[in-house]
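Number of protein chains: 2
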Amino acid sequence: MPKPIYVIGHRNPDTDSIGAAIAYAQFKNLQGESHVRPARAGELNAESRFVLKHFHVPAPELLSDATGLDLILVDHSEIGQALPNIEQARVHEILEHHRMGDLRTPEPILIHCEPVGATATLIAERYFSSRLTPSPAMAGLMIAAILSDTVGFRSPTTSDKDRDVAARLAPLAGLDLEDFDRRLREIRTQATASLSAAAILGSDFKEFHMGELRLGIGQVEVMGADALAHRKQDILTEMREVLEARGLALVILMVTDIDAQASDLWVVGDRLDVAEQAFGPISQGRVHLPGCLSRKKQVVPPLEEVLARRGA
Amino acid sequence: MPKPIYVIGHRNPDTDSIGAAIAYAQFKNLQGESHVRPARAGELNAESRFVLKHFHVPAPELLSDATGLDLILVDHSEIGQALPNIEQARVHEILEHHRMGDLRTPEPILIHCEPVGATATLIAERYFSSRLTPSPAMAGLMIAAILSDTVGFRSPTTSDKDRDVAARLAPLAGLDLEDFDRRLREIRTQATASLSAAAILGSDFKEFHMGELRLGIGQVEVMGADALAHRKQDILTEMREVLEARGLALVILMVTDIDAQASDLWVVGDRLDVAEQAFGPISQGRVHLPGCLSRKKQVVPPLEEVLARRGA
């Protein structure tokens, strides 16, 4: 039997890294390369676990070291994101949608990087251009990967190709895209709610320097305004700790409900006056902002404006 | 009018870098991107000049600095092979057939590297998969690029895809592949014959250390055994100079005629005995070897064997 070639995504795998690895290995198998197998470079997250269970697909083999292995890389090309000792592996192909990373091979290999929303989109294209029909389970995995990486086509990385491919896969998987997207978001919301307060706050936290003030603003996506209600005291305590440890004037957590097209801003710190002037009255540490989804476009600018006006 | 995007190959452009740039720009034009134009990063070689003239295609614009330009790179991805100041350009796409080089872009872009014989093969595939028919001139340029880079399908880098694509392009260009390959080799032979002796010897010259001895072996491809006959004294003088300057025991030039499937070995140095034992009697500084085409497989091993036997 020939040595296996493993298709594998990045460490801390997300649903695109898992789904792309499985669907591409299956594609290779359909092309007669039976020694190609899917693998993963870390534990499954809650969303990926749900998706595999939903489509009755077993979890790919867990690998922890690349030394001496034959690999096809999907969804990454940075050494730091790859299996340890990736330089000691033989990489046969790279298929991904980020900017080209620092991995180089001694010989020419097939490399396909394309700025689409998900690696799974590129793999679905391979099926279609090779006139191979993905099984319902593979179509489902690729849809899940695309919806996950594009946040249901809402991310600015979403391309027309992602939409087209997903629309073509949906009937094959027997899925309604909107409905399935909602289920994936439910799963992510539940998983978020069960994380530690530090993990929730830290998952997407950035510091901003505005004039004299330093602010920290995190964002977390949930489904339903009350998804994190039972964790509120816990998270506010964590926010105060970060505030003090880093000497920030304000710590804000955007609890964003994409479905409701709104964010709850949770705010702690000495300069609540600045936040109130920017967003209105803060009651019990929170202010509800209908229509607010973007930290960059809808939260940072009003704060900067308030501070600029005061500085003037 | 939008800013032009130039499709450009490597410095010292060969026929693949020229043909791929022109054919890909034309492909983009057919897709409605009229601001895409071909360019080149250096003077045309004799073969490329012949090919452009043959298909009545004007030479692409000559660029000398990448600063501030919008570029699509074909046939290279090494900074050292690209236009000067390539880091100051905006690179939109990379399409090539070598191993991925050291060029990195700040954002994700389309990168397609595939180990085929010529970049033109990848571009012809784009035409076909987009159901666009290349014009006779474009088909001819792509054929010329493929024949040139694969040495008429003889190079070990040749893939089935190169053969398939060329066979599909040939009727579109109205060309007989064998016949056109012969003409390209004639052009290259004439161009070689007109180079300086140093350029002929140096075009593909490698040093080898075998036990105590250091040898230099060059190779040049010609058509017809007598193609370099009128340059022989000139080249032998150059070979003796290199021998002395580098302190080599032997300098060998393989004058290879692929058509005749044979090489003439021209030999100078103090250890003609070693060469004679490996290849037979050397008369007037040369020995004719029918069937000998590969330096790596047919010239280096017999020399190593002779020296190993003597050392034993």
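Chains A and B supply the protein sequences, listed in that same order.
The UniProt record's numbering puts the first residue of the first sequence at 1, with every later residue one more than the last.
The UniProt record's numbering puts the first residue of the second sequence at 1, with every later residue one more than the last.
Using N, Cα and C, we set each Cβ at its ideal position, and we do this for glycine too.
Strictly under 9 angstroms for the Cβ-Cβ distance: is residue i near chain B by that measure?
i: A:D246; result: Residue identity check: residue 246 of chain A is Arg in the sequence provided, not Asp. Not one chain B Cβ lies under 9 angstroms of A:R246.
i: A:P156; result: no
i: A:D102; result: yes
i: A:L195; result: no
Judging by CA-CA distance, which residue of the options is the nearest neighbour of residue i?
i: B:L250; options: B:L272, B:L71, B:L236, B:Q261; result: B:L272
i: A:T158; options: A:S129, A:D181, A:G140, A:P115; result: A:P115
i: B:G311; options: B:L293, B:V274, B:C292, B:R295; result: B:V274
i: A:L228; options: A:A170, A:T192, A:V51; result: A:T192
i: A:G32; options: A:A137, A:S130, A:E78; result: A:S130
i: B:Q190; options: B:V222, B:A262, B:R182, B:R246; result: B:V222
i: residue 323 of chain A; options: A:P4, A:A46, A:S34, A:A23; result: As shown, chain A starts at 1 and ends at 312. That puts residue 323 of chain A outside it, with no answer to give.
i: B:L71; options: B:A89, B:R183, B:F128; result: B:A89
i: B:M100; options: B:G19, B:V74, B:L132; result: B:V74
i: A:D181; options: A:T150, A:F205, A:E207, A:P302; result: A:T150
i: A:C113; options: B:T119, B:L243, B:L95; result: B:L95
i: A:I8; options: A:P301, A:L30, A:P2, A:L44; result: A:L44
i: B:Y6; options: B:F153, B:N12, B:A82; result: B:A82
i: B:V300; options: B:H54, B:F208, B:V287; result: B:F208
i: A:T119; options: A:P84, A:T133, A:H98; result: A:H98
i: A:A260; options: A:G224, A:V242, A:L201, A:G269; result: A:G224
i: B:L307; options: B:D176, B:L243, B:M210; result: B:M210
i: B:P108; options: B:A23, B:A124, B:V91; result: B:V91
i: A:G202; options: A:S148, A:M239, A:L69; result: A:M239
i: A:A198; options: A:R183, A:Q219, A:I187; result: A:Q219
i: B:T237; options: B:W266, B:T121, B:A170, B:L52; result: B:W266
i: B:G285; options: B:G269, B:Q277, B:L122, B:I111; result: B:G269
i: A:D14; options: A:P84, A:L175, A:H76; result: A:H76
i: B:P143; options: B:F279, B:K296, B:A23, B:P302; result: In the sequence as displayed, the identity of residue 143 of chain B is Ile instead of Pro. Of the listed residues, the one whose Cα sits closest to B:I143 is B:A23.
i: B:G80; options: B:R49, B:H10, B:M254, B:I200; result: B:H10
i: B:F55; options: B:N85, B:G19, B:S34; result: B:G19
i: A:L69; options: A:F205, A:K53, A:E87, A:D257; result: A:E87
i: B:P302; options: B:I282, B:S283, B:Q277; result: B:Q277
i: A:E178; options: A:F205, A:I146, A:K3, A:L253; result: A:I146
Determine, using beta carbons only, whether residue i comes closer than 9 angstroms to chain A.
i: B:H97; result: yes
i: B:C113; result: yes
i: B:R131; result: no
i: B:L110; result: yes
What residues of chain E sit near residue i, judged by a beta carbon separation below 9 angstroms?
i: A:E107; result: Note that chain E does not occur in the displayed structure, where the protein chains are A and B.
Name the one or two DSSP bridge partners that residue i has.
i: B:K206; result: B:I217
i: A:P290; result: A:A262
i: A:D102; result: DSSP, once it has assigned bridges, lists no residue as partnering A:D102.
i: A:V222; result: A:D257
i: A:V268; result: A:V251
i: A:E96; result: A:C113
i: B:S283; result: B:R286
i: B:V91; result: B:L71
i: A:I8; result: A:A39, A:L73
Please indicate yes or no: does the CB of residue i lie closer than 8 angstroms to some heavy atom of the ligand GTP?
i: A:D176; result: Ligands displayed in this structure: none; no statement on the ligand GTP is therefore possible.
Beta strand (DSSP E) segments (min. 3 residues) lying fully within the stretch 51 to 86 of chain B: Listed in chain order, the complete beta strand (DSSP E) runs (minimum 3 residues) inside the stretch 51 to 86 of chain B are 70 to 74.
At a cut of 8 angstroms, does the stretch 104 to 112 of chain A reach the stretch 36 to 45 of chain A through at least three beta carbon pairs? No, because fewer than three Cβ pairs between the stretch 104 to 112 of chain A and the stretch 36 to 45 of chain A fall closer than 8 angstroms, the two stretches do not touch.
List in chain order: all unbroken alpha helix (DSSP H) runs of 4+ residues lying wholly within the stretch 117 to 180 of chain B. Complete alpha helix (DSSP H) runs here, min 4: 119 to 129, 136 to 149, 160 to 173.
Quick check on the DSSP output: what are the complete beta strand (DSSP E) runs of length 3 or more inside the stretch 19 to 53 of chain B, in order along the chain? 36 to 40, all fully within the stretch 19 to 53 of chain B.
Using 8 angstroms as the cut-off, can you tell me whether the stretch 161 to 171 of chain B makes contact with the stretch 62 to 79 of chain B, which would need three or more C-beta pairs spanning the two stretches below that distance? Judged by Cβ distances under 8 angstroms, the stretch 161 to 171 of chain B makes no contact with the stretch 62 to 79 of chain B, as fewer than three pairs qualify.
With three or more C-beta pairs closer than 8 angstroms as the rule, is the stretch 196 to 215 of chain A touching the stretch 278 to 294 of chain A? In short, these stretches do not touch, since the Cβ pair count stays below three.
Three or more beta-carbon pairs under 8 angstroms between the stretch 11 to 31 of chain A and the stretch 123 to 141 of chain A, yes or no? Between the stretch 11 to 31 of chain A and the stretch 123 to 141 of chain A, the count of Cβ pairs shorter than 8 angstroms is three or higher; the stretches touch.
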